[in-house]
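In order, the protein sequence lines correspond to chains B and E.
Residues 803 to 1058 (the numbering used here) make up the first sequence, in order.
Residues 6 to 314 (the numbering used here) make up the second sequence, in order.
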Amino acid sequence: MTTVTASGRMPIRYVYLETTRQLRNVRAMVFTFAVPVIMLLVFGSAFGSQTDPTTRLQYLVVTTLQMAAYGAMMAALSQAFAIVNERSIGWNRQLRVTPLSGWGFMVSKVIAAMAFAAVSIVITVLVATVGMHASLDPLRWFAAGFGIWCGVIPFALIAILIGQFAKPSFAQPLFMVVFMGMAILGGLWVPLSVMPDWMGTVAHLLPSYWLNRIGQMGAGATGSSGMVEPAMVLACWAIVLAAVIVWRYRRDAARQ
Amino acid sequence: MNDTPVIQLRDLRKRFGEVAAVDGVDLTIRPGEVVALLGPNGAGKTTTVDLALGLSVPTSGGALLFGEEPRAAVVTGRVGAMLQGGALLPDMTVRDAVALVAAAHRRPMSVDEALRRARCTEIAGRRVNKLSGGQLQRARFAVAVVSDPDLLVLDEPTAAMDVEARHTFWSSMREFTDAGRTVVFATHYLDEADTFADRIVIMRAGRIVADGTPAQIKAITATRAVRFSGVGAAAHVALRGLPGVRSLEARHDSVTLRSDRSDDTLRALLTSFPQAHDIQVVASTMDDAFLALTADPVTTDTAPEGIPA
């Protein structure tokens, strides 16, 4: 359908208003932001300042990045509910009588997701550094946080896919499966080192594993590839998901 | 003003599985017309509106807006719409909602101007979920006009409005059409179509069954019912032949003739069938007309043979 291809110029003001509109609703996200912080407080203080043998980073730093990745992922995925809700109200129908293209819509949602993810990452890192005295070079904190922040793009796209195309009654269970699967199998809740081997293999296929990985690499974990390898994997995920969204969007438009 | 039709639908059809929601609609709407699309639920009004706006793809046939693809007209902001099931986000203020949609358009009017035109200035700061039914429709109208469109498409704009709200709504609409712009609105309300539109298009089962000025539509249907008893079924053929008779219905001993010249019908009836008694002559209302047109295609002006008794 032409709505995707005839993208035209990007409505910057629309994207800005859409993002600030969602941020004003930040109260609804408090729980999303609180959970990683609580988990950080529990797990982070349990292992304290020992060094993790795999990454050669302080355990507290590893846990912080894990929780920052988890919180960012959760914040991005929650766009799914925003979209399902907007669809049920009929807001999307109203938007379709504007020049806003499928691309414009997608970009506005990805940016809103990234805004929430940034809030979650900053809160988690601040609690770790200020409240728990996790020690890491500020530049490395920045690299890790920035890596995770950019890495939420595929999760924002997953949220759009669920929100835009799942039947409303099906969106909730689908969201739970995706979110739990990503968190557990990607090693965001419990380190993969304590999990069975097969789960480690599965983890390497999931973007959540690489989201955690890009944070660890940014923080200077041992490993030859640095941030490039996880960044490439996440970029591939983003491209594939964007392609699926565009394809579904056209098919939906043609069927209606 | 140029002569390109604002809306042009050519043999438009849309099937959902076995159901033909729109079943061969041809319609041309010219600049400056105010057209009411009238019909019962399920007549295909909403589907026709969706097809005309390019929100759904026709099974066959085509729709043009301003001589181009509907989406192209939407992108240039020439079309504003209040759609069925197209609502505003509940947690925004009216002003923010209008501003957000304005930001999606290329050359919108100012938000204040849109609010003023839709009589929303006083409720601009109110949240959408705190609005009454009529206020919500006005807010949606503000959203529809913010692109400063040449064509407004309104799908049942006054649903959920009380009488006063409806009055306010139509007065703001008049301001819009006085500037020579085109309005197409779908409605259930005959009086609205009659008083506001300068053309009425009546749909039934996915087709257009009548199309004309309100006066013409009324003329089609301005029949009177001549009702009497005492004339047997054997005389029905002769009764149908009386002057002005458009249709005949019989129930037990009672016969109802629908006539567009009831005086002539009555004179002829009394001459030919003096045994007729309990005679009544009853005027049809616009509602009768609407029901007659939408209930059975045989009763339209093109098919005056009448309903088989």
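Positions of the beta carbon are idealized from the N, C-alpha and C atoms, including for glycine.
If we cut at 8 angstroms on Cβ distances, does Thr307(E) have a partner in chain B?
Residue confidence is low: Thr307(E) scores 37 on pLDDT, short of 50, so the model does not pin down where it sits. Its coordinate-derived value is still stated next. By this cut-off, Thr307(E) is not an interface position.
Closest by CA to Ile128(E), which one among Val150(E), Thr98(E) and Met114(E)?
Thr98(E)
Do you know how far the Cα of Asp854(B) is from the Cα of Val806(B)?
Confidence at Val806(B) is low in this model, with a pLDDT of 38, below 50, so the placement of that residue is unreliable and no value is reported for it.
is_contact[Ile962(B), chain E] using C-beta, thresh 8 angstroms
no
For Phe981(B), which residues from the same chain have a beta carbon less than 6 angstroms from its beta carbon, with the 5 sequence-adjacent residues on both sides left out?
Leu879
Given this structure, state the Cα-to-Cα distance separating His193(E) from Val214(E), to the nearest angstrom.
15 angstroms
At a Cβ threshold of 8 angstroms, is Gln881(B) touching chain E?
no
List, from N- to C-terminal side, the alpha helix (DSSP H) runs of 4 residues or more that fit wholly inside the stretch 226 to 295 of chain E.
241 to 245 and 267 to 277
Counting beta carbon pairs with one atom in the stretch 121 to 135 of chain E and one in the stretch 53 to 64 of chain E, are three or more of them shorter than 8 angstroms?
no
What in chain E is Cβ-close to Tyr816(B), meaning under 8 angstroms?
Leu105, Ala108 and Ala109
Simplified DSSP assignment, three categories, for Thr305(E):
Only weak support is given to the placement of Thr305(E): the predicted model assigns it a pLDDT of 38, under 50, and the question is left unresolved by the model.
Val158(E) and Arg229(E) closer than 8 angstroms at C-beta
no
What separation, rounded to the nearest whole angstrom, lies between the Cα atoms of Ala870(B) and Trp991(B)?
11 angstroms
Quick test of your reading: Ile1016(B) and Pro993(B), contact by CB under 8 angstroms. State the CB separation rounded to the nearest angstrom.
With 8 angstroms as the limit, Ile1016(B) and Pro993(B) do not qualify as a contact, their Cβ atoms being about 16 angstroms apart.
With 8 angstroms as the threshold, decide whether the Cβ of Asp153(E) is near any Cβ in chain B.
no
Taking 8 angstroms as the threshold (beta carbon to beta carbon), is Ala1046(B) in contact with chain E?
Note that residue 1046(B) is Val in the sequence shown here, rather than Ala. No, no contact with chain E.
Strictly by DSSP, which residues pair up with Glu73(E)?
Leu70(E)
6 angstroms CB neighbourhood of Thr804(B) in its chain, flanking five on each side removed
Because Thr804(B) sits at a pLDDT of 37, beneath the cut-off of 50, its placement in the model cannot be relied upon, and the following sentence gives the value as read from the coordinates. The answer is none, since no qualifying residue turns up.
So is Ala308(E) buried or exposed if we call it buried at 16+ other beta carbons inside 10 Å?
Here the model assigns Ala308(E) a pLDDT of 35, short of 50, so the residue's position is not dependable and the matter cannot be decided.
Strictly under 8 angstroms for the Cβ-Cβ distance: is Trp893(B) near chain E by that measure?
yes
List, in order along the chain, the chain B residues whose C-beta lies closer than 9 angstroms to that of Asp117(E)?
Result: empty, since nearest Cβ-Cβ is about 16 angstroms, beyond 9 angstroms.
Hey, quick one: how far does the beta strand (DSSP E) through Gln860(B) stretch, first residue to last?
Taken as a continuous stretch (DSSP letters only), Gln860(B) belongs to no beta strand (DSSP E), as it is neither H nor E.
Ignore the nearest five residues each way along the sequence and tell me which others in Arg1050(B)'s own chain have a CB closer than 8 angstroms to its CB.
Leu963, Gln966 and Phe967
Cutoff 8 angstroms: Leu159(E) Cβ touching any chain B Cβ
no
So for Pro813(B), helix, strand or coil by DSSP?
coil
Assuming contact is defined by CB atoms lying nearer than 8 angstroms, are Leu17(E) and Leu56(E) in contact in what I supplied?
yes
Between Thr52(E) and the ligand SAH, is the CB less than 7 angstroms from at least one heavy atom?
Judged by which ligands are present, the structure shown has none, so any question about the ligand SAH falls away.
Whole angstroms are fine: how far does the CA of Glu197(E) sit from the CA of Val1042(B)?
52 angstroms
Between Pro838(B) and Trp1012(B), what straight-line distance do the alpha-carbon atoms span, to the nearest angstrom?
18 angstroms
Measure the CB-CB distance between Val103(E) and Val84(E) and report whether it falls below 8 angstroms.
no
Per-residue DSSP class, three states only, for Ala215(E):
strand
Contact defined as beta carbons within less than 8 angstroms: I believe Ala1021(B) pairs with Leu928(B). What is the distance between those atoms, to the nearest angstrom?
Incorrect: roughly 16 angstroms between the Cβ atoms, too far for contact.
May I ask you to list the residues that DSSP assigns as paired with Val189(E)?
Val40(E) and Val158(E)
Under three-state DSSP, which class holds Asp8(E)?
coil
Spatial neighbours of Pro248(E) in its chain, beta-carbon cut-off 7 angstroms, leaving aside the 5 residues before and after
Arg266, Asp269, Thr270 and Ala273
Taking Cβ positions only, does Val148(E) come closer than 8 angstroms to chain B?
yes
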